[in-house]
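Participant: Sharing a structure here in structure tokens format.
Number of protein chains: 2
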Amino acid sequence: MSIIEQIEKPTLLLDAEKARRNIHRMAEKANKLQVRFRPHFKTHQSAEIGEWFRPEGVTAITVSSVDMAYYFARSGWQDITIAFPVNLRQVGAIRELAAQIHLELLVESAETVSFLQENLAVPVDVWVKIDSGAGRTGLAWNEFEAMSGLARQINKSSKLHLRGILTHAGHTYQAKTPDQVRRLFSQSVGRMLQARYNLQASGVGMVEISVGDTPGCSLSDNFGGVSEIRPGNFVFYDAEQNAVGSCAAKDIAVALACPVVAKHPERGEAVVYGGAIHLSKDWMVEDGRMIHGKIALPQGDGWGEPLGGAYVDRLSQEHGLVHLEKEDLDKLRIGDLICVLPVHACLTVQVMGEYLTLEGKKVRTMNK
Amino acid sequence: MSIIEQIEKPTLLLDAEKARRNIHRMAEKANKLQVRFRPHFKTHQSAEIGEWFRPEGVTAITVSSVDMAYYFARSGWQDITIAFPVNLRQVGAIRELAAQIHLELLVESAETVSFLQENLAVPVDVWVKIDSGAGRTGLAWNEFEAMSGLARQINKSSKLHLRGILTHAGHTYQAKTPDQVRRLFSQSVGRMLQARYNLQASGVGMVEISVGDTPGCSLSDNFGGVSEIRPGNFVFYDAEQNAVGSCAAKDIAVALACPVVAKHPERGEAVVYGGAIHLSKDWMVEDGRMIHGKIALPQGDGWGEPLGGAYVDRLSQEHGLVHLEKEDLDKLRIGDLICVLPVHACLTVQVMGEYLTLEGKKVRTMNK
Numbered sequence: 090m091s092i093i094e095q096i097e098k099p100t101l102l103l104d105a106e107k108a109r110r111n112i113h114r115m116a117e118k119a120n121k122l123q124v125r126f127r128p129h130f131k132t133h134q135s136a137e138i139g140e141w142f143r144p145e146g147v148t149a150i151t152v153s154s155v156d157m158a159y160y161f162a163r164s165g166w167q168d169i170t171i172a173f174p175v176n177l178r179q180v181g182a183i184r185e186l187a188a189q190i191h192l193e194l195l196v197e198s199a200e201t202v203s204f205l206q207e208n209l210a211v212p213v214d215v216w217v218k219i220d221s222g223a224g225r226t227g228l229a230w231n232e233f234e235a236m237s238g239l240a241r242q243i244n245k246s247s248k249l250h251l252r253g254i255l256t257h258a259g260h261t262y263q264a265k266t267p268d269q270v271r272r273l274f275s276q277s278v279g280r281m282l283q284a285r286y287n288l289q290a291s292g293v294g295m296v297e298i299s300v301g302d303t304p305g306c307s308l309s310d311n312f313g314g315v316s317e318i319r320p321g322n323f324v325f326y327d328a329e330q331n332a333v334g335s336c337a338a339k340d341i342a343v344a345l346a347c348p349v350v351a352k353h354p355e356r357g358e359a360v361v362y363g364g365a366i367h368l369s370k371d372w373m374v375e376d377g378r379m380i381h382g383k384i385a386l387p388q389g390d391g392w393g394e395p396l397g398g399a400y401v402d403r404l405s406q407e408h409g410l411v412h413l414e415k416e417d418l419d420k421l422r423i424g425d426l427i428c429v430l431p432v433h434a435c436l437t438v439q440v441m442g443e444y445l446t447l448e449g450k451k452v453r454t455m456n457k
Numbered sequence: 090m091s092i093i094e095q096i097e098k099p100t101l102l103l104d105a106e107k108a109r110r111n112i113h114r115m116a117e118k119a120n121k122l123q124v125r126f127r128p129h130f131k132t133h134q135s136a137e138i139g140e141w142f143r144p145e146g147v148t149a150i151t152v153s154s155v156d157m158a159y160y161f162a163r164s165g166w167q168d169i170t171i172a173f174p175v176n177l178r179q180v181g182a183i184r185e186l187a188a189q190i191h192l193e194l195l196v197e198s199a200e201t202v203s204f205l206q207e208n209l210a211v212p213v214d215v216w217v218k219i220d221s222g223a224g225r226t227g228l229a230w231n232e233f234e235a236m237s238g239l240a241r242q243i244n245k246s247s248k249l250h251l252r253g254i255l256t257h258a259g260h261t262y263q264a265k266t267p268d269q270v271r272r273l274f275s276q277s278v279g280r281m282l283q284a285r286y287n288l289q290a291s292g293v294g295m296v297e298i299s300v301g302d303t304p305g306c307s308l309s310d311n312f313g314g315v316s317e318i319r320p321g322n323f324v325f326y327d328a329e330q331n332a333v334g335s336c337a338a339k340d341i342a343v344a345l346a347c348p349v350v351a352k353h354p355e356r357g358e359a360v361v362y363g364g365a366i367h368l369s370k371d372w373m374v375e376d377g378r379m380i381h382g383k384i385a386l387p388q389g390d391g392w393g394e395p396l397g398g399a400y401v402d403r404l405s406q407e408h409g410l411v412h413l414e415k416e417d418l419d420k421l422r423i424g425d426l427i428c429v430l431p432v433h434a435c436l437t438v439q440v441m442g443e444y445l446t447l448e449g450k451k452v453r454t455m456n457k
């Protein structure tokens, strides 16, 4: 009996070979384009998977929280950027960590810079967070005065060293085509170059540029002037990345195996054990419809291509309502397994907290 | 310094007094209306909070998975309904549990009934799951032939005892007003009565009716003919329940305390440390807008009333983008805490896995 056939309840399958291939491909690209590869580990959140990056020459990583920085520092990572605006309430933990490893932080306000100057013990590198179009955090890319003011404040600080300007062009996730991704990414890089030019003109000196986002880093070759890239999602990819063209369906390295518990042919649906607590409630739009995952069937030791016309239509706490074409639904029996390709791998990994490789090995994350 | 002021990172606050009051109110109502109170423990998922139900005379509970049944059986619950279609792949675990406690299962297909007959060791009680309008799982309430066929199959089985018919009128969650909730709930109860009448007419004999759903159980007094109620969400309530009128804002017993990490006055937003991994990505519609939570400010040892015009607008993995009225945003400083009243308490509890009471005590769930 294959590993998959032994599964009893919702289980996050990991195709390690695909993940390693995804890592190798991105490392190779960074190498070719001569940008530093500082992958974001918030997607896999696993010390063991982190080790798969070392043979590719990766020595510096990105994380999204102080706790995650501690977790990876414990498994030997010595150069970590916390790519989240500094949480002043955790300054004690940040101070301790900065004494142990090379730590890089993100700042975007004078208040935070002053607070760090007063509360840090050893100096840290900081990046000014720039909003290059995503509209989430950071100084707007064209707020040159605020930016140079903040840079000068950092340069005066004895505890902070200005490493550069950093952005996350997260709006590439909303693109509909590879060309749209490339345009948004190039626009974002162009804005960063302009921001740096203005900083230099205001006497701040030369600084680095850091960009991140899986769609842009996967699809663009236009990294001129960029010092480092911080993609994360590419390690597994997912249905959303496949839809925008960042990856092929066969590159998706995780799938949630779910037992079928009921069938409703009258409405073309199967009910699976696999709900919001297993997939998260993230969604994407496909053919004008909000969906929560694509569907594949177990095949050999893994899973096959996504089924046409099949998707997770609704989720409640433990239930997944899966729409299938009549032919596929007819073949399915209660007790069978189906594989859900998640919309957003990062959140599915977060809620599941643990993987099962296709070789039957459990791989833990920091959450389990 | 108050308990809340000491918080460093996203923390799920629990107002135990409010939760106990919510439990007492529902128990009292069930008692008055003479229906069995079999609360759903999937909302709190905590052995410790489970104990708060015992003084109200609760001896029977509902859970949503085999694992959750084991967890509560270990803390002394002897009468448990797993309100989810039987997952055939876990029949080994179900068989073991059925030998230890009084276990009740849900069935909706001939395949599942046959499988249980073949694979159980000791007999269990079963409920036929009925779809009384929610469109999720169960036989449609007016599929009388299928229903009586299944009931007869169960009656012939030596391993299954037909306890009754069970529904979850989950579509009350989509109602916009208390009157709509009451209408949908009454319609659902009416359909269950009709289904039972037809079962009796077909010679199946008298069976019980079980209904559940927090909006209906909170707002309706029309339980004629119902044997038991299984609400879960009422223990904490949430922003969604408040919006539909199931509870007052002051009844909401959980809130996620989040540090403010950035401010963007130009777009009326604060950025908080508190994202999809802390709140889940559940959403509701308010004023035509998709929102992910309401906002209150710390007050004394707890939190105050929800702020008008304030809501969580967007969530990414760790970021929450919070819209606030200018006056409220002006008062807020980086490093302050705000409290997010979750859209859906069940999913927030699931991702957080642990509570902090207003007295500073940690309360664990089965997930941590």
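So the sequence lines, in the order shown, correspond to chains H and L.
The first sequence begins at 90 in the working numbering and counts up by one.
The second sequence begins at 90 in the working numbering and counts up by one.
Beta carbons are placed, not taken as given, at the ideal position from N, Cα and C, and that holds for glycine.
Keep in mind that this is a model prediction, so the values were computed, not measured.
Spell out whether any CB of chain L is found under 7 Å from the CB atom of Arg-178(H).
Facilitator: Taking the first residue of the first sequence as 1, we reach residue 178(H) at position 89. Cβ-Cβ to chain L under 7 Å: yes for Arg-178(H).
Participant: Can you tell me whether DSSP reads Leu-251(H) as helix, strand or coil?
Facilitator: Reading the first sequence from its first residue, position 162 is the one you call residue 251(H). Here Leu-251(H) sits in strand by DSSP.
Participant: Using 8 Å as the cut-off, can you tell me whether the segment 154–174 of chain L makes contact with the segment 334–344 of chain H, which would need three or more C-beta pairs spanning the two stretches below that distance?
Facilitator: No: the two stretches stay apart, fewer than three of their Cβ pairs being nearer than 8 Å.
Participant: Could you name the residues of the segment 362–373 of chain H whose beta carbon sits closer than 7 Å to any beta carbon of chain L, in the order they occur along the chain?
Facilitator: Within the segment 362–373 of chain H, the qualifying residues are Tyr-362, Ala-365, Ile-366, Ser-369, Lys-370 and Asp-371.
Participant: On the criterion of 16 or more Cβ atoms from any shown chain inside 10 Å, does Thr-261(H) qualify as buried, or is it exposed?
Facilitator: For the purposes of this step, residue 261(H) is taken as residue 172 along the first sequence, with counting starting at 1. When all chains shown are included, Thr-261(H) counts as buried.
Participant: Measure the beta-carbon distance from Gln-439(L) to Lys-131(H) and round it to whole angstroms, keeping in mind my assumption that it falls under 8 Å.
Facilitator: One-based indexing of the second sequence puts residue 439(L) at position 350. One-based indexing of the first sequence puts residue 131(H) at position 42. Rounded, the Cβ-Cβ distance is 19 Å, inconsistent with contact.
Participant: Within 7 Å (strictly less), CB to CB, does Ile-423(L) reach chain H?
Facilitator: For the purposes of this step, residue 423(L) is identified with residue 334 of the second sequence, where counting begins at 1. Chain H contact via Cβ: present.
Participant: Looking at Ile-298(H) and Gly-253(H), is the spacing between their C-beta atoms short of 7 Å?
Facilitator: Translated into the one-based positions of the first sequence, residue 253(H) becomes position 164. Translated into the one-based positions of the first sequence, residue 298(H) becomes position 209. Going by C-beta atoms, Gly-253(H) is nearer than 7 Å to Ile-298(H).
Participant: Under 9 Å, CB to CB, which of the residues in the segment 410–437 of chain L have a partner in chain H?
Facilitator: Answer set for the segment 410–437 of chain L: Leu-410, Arg-422, Ile-423, Gly-424, Leu-426, His-433, Cys-435 and Leu-436.
Participant: Name the chain L residues that come within less than 8 Å of His-408(H), Cβ to Cβ?
Facilitator: Taking the first residue of the first sequence as 1, we reach residue 408(H) at position 319. Ordered by position in chain L, the residues that pass the 8 Å Cβ test against His-408(H) are Phe-173, Arg-225 and Thr-226.
Participant: Can the beta-carbon of Glu-207(H) be found closer than 7 Å to that of Pro-174(H)?
Facilitator: The residue labelled residue 207(H) in the question sits at position 118 within the first sequence. The residue labelled residue 174(H) in the question sits at position 85 within the first sequence. Contact flag unset, no.
Participant: Can you tell me where the beta strand (DSSP E) with Ala-172(L) in it begins and where it stops?
Facilitator: Counting from 1 along the second sequence, the entry for residue 172(L) is found at position 83. Residues 168–174.
Participant: What would DSSP say about Thr-454(L), mapped onto helix, strand or coil?
Facilitator: Here the question's residue 454(L) lines up with position 365 in the second sequence. It is coil, neither helix nor strand.
Participant: Could you give the first and the last residue of the continuous alpha helix (DSSP H) run that contains Tyr-262(H)?
Facilitator: The residue labelled residue 262(H) in the question sits at position 173 within the first sequence. Run containing Tyr-262(H): none; DSSP gives neither H nor E here.
Participant: May I ask you to report which of helix, strand or coil DSSP gives Cys-306(H)?
Facilitator: Reading the first sequence from its first residue, position 217 is the one you call residue 306(H). Helix.
Participant: My guess is that His-408(H) and Arg-319(L) are in contact by the Cβ rule of under 8 Å, so how many angstroms apart are they, rounded?
Facilitator: Taking the first residue of the first sequence as position 1, residue 408(H) is located at position 319. Taking the first residue of the second sequence as position 1, residue 319(L) is located at position 230. Wrong, their Cβ atoms sit about 15 Å apart, outside the cutoff.
Participant: So is Pro-348(L) in contact with chain H if we call contact Cβ pairs under 7 Å?
Facilitator: Indexing the second sequence from 1 puts residue 348(L) at position 259. At least one chain H Cβ lies under 7 Å of Pro-348(L).
Participant: Going by DSSP, what residues sit across from Cys-435(H) in a beta bridge?
Facilitator: One-based indexing of the first sequence puts residue 435(H) at position 346. Note: Cys-435(H) sits in no beta bridge, so no partner.
Participant: Would you please state the rounded distance, in angstroms, between the beta carbons of Met-373(L) and Glu-329(L)? I believe it to be under 8 Å.
Facilitator: Walking along the second sequence from the start, residue 373(L) turns up at place 284. Walking along the second sequence from the start, residue 329(L) turns up at place 240. Indeed they touch by this definition, with Cβ atoms about 5 Å apart.
Participant: Among the residues of its own chain, which have a CB less than 8 Å from the CB of Leu-421(H), if the five just before and after it don't count?
Facilitator: As a position in the first sequence, residue 421(H) is number 332, starting the count at 1. Val-349, Lys-352, Ala-359, Leu-413 and Ile-427.
Participant: Can you give me the start and stop residues for the beta strand (DSSP E) that His-191(L) sits inside?
Facilitator: If you number the second sequence from 1, residue 191(L) lands on position 102. That run of the beta strand (DSSP E) goes 191–196.
Participant: Let me see if you follow: with CB-CB separation under 7 Å, is Ala-351(H) close to chain L or not?
Facilitator: Here residue 351(H) is taken as the residue at index 262 of the first sequence, counted from 1. Chain L, which has a Cβ nearer than 7 Å to the Cβ of Ala-351(H), makes this yes.
Participant: Can you give the beta carbon distance from Asp-327(H) to Leu-430(H), rounded, assuming they're within the 8 Å contact cut?
Facilitator: On the first sequence, position 238 is the one that residue 327(H) refers to. On the first sequence, position 341 is the one that residue 430(H) refers to. Correct: roughly 7 Å between the Cβ atoms.
Participant: On a CA-only basis, which of Asn-111(H), Ala-365(H) and Leu-101(H) is nearest Cys-306(H)? Give me that one, please.
Facilitator: Position 217 of the first sequence, counted from the first residue, corresponds to residue 306(H). Here the closest residue by C-alpha is Asn-111(H).
Participant: If you measure between the beta carbons of Phe-323(L) and Val-124(L), is that distance less than 7 Å?
Facilitator: Here residue 323(L) is taken as the residue at index 234 of the second sequence, counted from 1. Here residue 124(L) is taken as the residue at index 35 of the second sequence, counted from 1. It is not a contact, given that the beta carbons lie outside the stated cut-off.
Participant: Any contact between the segment 367–383 of chain H and the segment 398–405 of chain H? By contact I mean 3 or more CB pairs, one from each, below 8 Å.
Facilitator: Cβ pair count under 8 Å is three or more, so yes.
Participant: I want to verify the contact list: residues of chain H whose CB lies under 8 Å from the CB of Lys-118(L), in sequence order.
Facilitator: As a working note, residue 118(L) is residue 29 in the second sequence. In chain order: nothing, as chain H lies at least about 24 Å away.
Participant: So, do the segment 202–220 of chain H and the segment 231–249 of chain H have three or more beta carbon pairs nearer to each other than 8 Å?
Facilitator: Yes, since at least three Cβ pairs between the segment 202–220 of chain H and the segment 231–249 of chain H fall closer than 8 Å, the two stretches touch.
Participant: Taking the alpha helix (DSSP H) that Val-278(L) falls in, what are its first and last residues?
Facilitator: Residue mapping note: residue 278(L) aligns to position 189 of the second sequence, counting from 1. Residues 267–290.
Participant: Nearest-angstrom Cα distance between Ala-149(L) and Gly-321(L)?
Facilitator: By one-based count along the second sequence, residue 149(L) stands at place 60. By one-based count along the second sequence, residue 321(L) stands at place 232. Cα-Cα distance, rounded: 13 Å.
Participant: If we define contact as Cβ-Cβ less than 7 Å, is Glu-197(L) a contact residue for chain H?
Facilitator: Along the second sequence, one-based indexing puts residue 197(L) at 108. Glu-197(L) counts as touching chain H.
Participant: For the putative contact between His-133(H) and Ala-172(H), defined by C-beta atoms under 8 Å, what is the C-beta separation to the nearest angstrom?
Facilitator: The count along the first sequence starts at 1 and reaches residue 133(H) at position 44. The count along the first sequence starts at 1 and reaches residue 172(H) at position 83. 15 Å between Cβ atoms; not a contact.
Participant: For a minimum of 3 consecutive residues, which ranges assigned as the beta strand (DSSP E) are wholly contained in the segment 180–243 of chain L?
Facilitator: Segments of the beta strand (DSSP E) lying fully in the segment 180–243 of chain L: 191–196 and 213–220.
Participant: Tell me whether Val-360(H) sits in a helix, a strand or coil according to DSSP, three-state version.
Facilitator: One-based indexing of the first sequence puts residue 360(H) at position 271. Three-state result, Val-360(H): strand.
Participant: Tell me whether the beta-carbon of Leu-386(H) lies closer than 7 Å to the beta-carbon of Asp-104(H).
Facilitator: Counted from its first residue, the first sequence places residue 386(H) at position 297. Counted from its first residue, the first sequence places residue 104(H) at position 15. Their beta carbons are not under 7 Å apart, which means Leu-386(H) does not touch Asp-104(H) by this criterion.
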